[in-house]
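This report refers to the structure that appears directly beneath it.
Numbering (the working numbering), first residue to last: 105 to 569.
Right, here's the structure in full:
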């Protein structure tokens, strides 16, 4: 049975999902402990889940088995989830080679990725391999941050290359902190220090001593054994990392799962992802539901409360175009021309500033061109028609994407790498698609998502012709 810890706006839904798949929760928050009637289990988690910074999904760290199982559970239940696997492992130890020199760092080839290390930590010797560790504080970065200051994490302790004794801030009892500090001073290996993890709080001294001794032996074996290893290669496997994006349908499915546990307003996770006043309004509405207020009455009041936070006619909005690999492109600022709330149809326009060529269409892009877009909130595509500044029609670009979400700043979706072009002559053509299929082959998206997009494309090709 794998253990997990989860924090953040998706925690209740994910806890329900994982408990239903025989996972065991450790270090639960007070809220989760009460909602699921589970006892405190103070162990280090094999799977650690937390919100992404933008609240559009979660990040997960864990051993290979727990990460693989978590990914399978998500893809079986959330068909539009985007799951990105990091090529390096957090705290992984590698024997790498200097590939190139940059202004204040070296680029190191560690095999599965290329990472950066500050110049002050190593000398510039291209011929000589270097032993480095992936800094877990920058997990998920495009270029892993590397260090030569090797630490060795365990279940209860982390050995660090500084002569210090540190204790998890979650251990608050002064007597326990004092005991761990004293023990750390007694048993810290030569020239090393210890960070006591939260799980060390109620462990017997002998168990802690045994783990520290084992970690010291393990660290020494890894560092001494590196001389015979080829470079680049992984010497010690760290924790695997997933970046998980929850588009609109995933959020709705998580709403349904959460609703089995506690009162959940429609679009709970979407509004929580908005943050600020909208997230606070969700808490207020759900408190009313818990008090027995009629759901229809509460939801009507809630929507009246939040509607002023969303774009209206004349608003300037951003178009956040998220790529499958996680890059976020801002396609410029648009002006809302119309927003039909009943049909959830948003119309906005942009004035083109740069020169070039319109993707797919191959038509010349000129400053002063006008782009007129119609996007349906919840729609799997949107249409953009391009006109010259004199009003001459240049073509239509239909973008296929995860269902569009509207936020206080504008719209957001994940681009699904399939587009349809309509030329002034009436010719209709499909572009891309191979990237979407490749993403499914790599396990980033589900085959069900690919099948859905293919159906949408066929329908659009018929109506656009």
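All residues carry an ideal CB built from backbone N, CA and C; glycine is no exception.
Counting the other Cβ atoms within 10 Å of the Cβ of residue 261 gives 16 or more, which makes it buried. Restricted to the region 396-447, the beta strand (DSSP E) segments that are unbroken, complete and at least 3 residues in length are 420-426 and 432-444, listed in chain order. Assignment of beta strand (DSSP E) within the region 175-262, counting only whole runs of 3 or more residues, yields 186-189, 197-205, 209-213, 218-222 and 234-238 in chain order.
For residue 309, the enclosing alpha helix (DSSP H) begins and ends at 309-329. Rounded to whole angstroms, the separation of the alpha carbons of residue 319 and residue 258 is 7 Å. For residue 289, the uninterrupted alpha helix (DSSP H) segment begins and ends at 278-291.
Here residue 513 carries a coil assignment [DSSP, helix/strand/coil].
For residue 289, the CB contacts under 8 Å within the same chain, skipping 5 residues up- and downstream, are 269 in chain order. Between residue 508 and residue 486 a beta carbon distance of about 7 Å is seen, short of the 8 Å cut, so the two are scored as contacting. Taking residue 193 as reference, the option from 211, 204, 202 and 166 with the minimal CA-CA separation is 166. With 16 or more neighbouring CB atoms inside 10 Å of its own CB, residue 376 falls in the buried class. When only Cα atoms are considered, residue 335 and residue 201 end up about 6 Å apart. Per the DSSP secondary-structure output, residue 501 pairs in a beta bridge with 488 and 525.
With a cutoff of 9 Å on beta-carbon distance, residue 297 and residue 265 are scored as near each other. Residue 354 counts as buried, since no fewer than 16 other beta carbons sit within 10 angstroms of its beta carbon. With contacts defined by Cβ atoms closer than 9 Å, residue 240 and residue 223 do not form a contacting pair. Cα atoms of residue 188 and residue 343: separation of roughly 15 Å, rounded to the nearest angstrom.
For residue 390, the enclosing alpha helix (DSSP H) begins and ends at 380-394. The way I'd put it, the region 377-388 does touch the region 410-418; three or more beta-carbon pairs between them come closer than 8 Å. Taking 9 Å as the cut-off, the Cβ atoms of residue 170 and residue 162 do not count as close.
The residue from 130, 114, 117 and 112 with its alpha-carbon nearest to that of residue 105 is 130. For a cut-off of 8 Å, the C-beta gap from residue 348 to residue 122 is around 13 Å, too long to register as a contact. At the C-beta level, residue 174 and residue 151 come within 9 Å of one another. Counting of Cβ neighbours within 10 angstroms places residue 115 among the buried residues, the total reaching 16 or more. The Cβ neighbour count for residue 497, taken over all protein chains shown within 10 Å, is under 16; the residue is labelled exposed.
In the three-state DSSP reduction, residue 548 falls in the coil class, being neither helix nor strand. In the three-state reduction of the DSSP assignment, residue 142 falls in the coil class. According to DSSP, residue 159 shares a beta bridge with no other residue. Residue environment: residue 206 is assigned as exposed (fewer than 16 neighbouring CB atoms within 10 Å of its CB, all protein chains considered). With contacts defined as CB atoms closer than 9 Å, residue 359 and residue 370 qualify as a contacting pair.
Between the C-alpha atoms of residue 220 and residue 242 there is a straight-line separation of about 11 Å. With respect to the 9 Å criterion, residue 467 and residue 454 are not classified as neighbours on the basis of their beta carbons.
Counting along the chain, residue 360 sits inside the alpha helix (DSSP H) bounded by residues 352-363.
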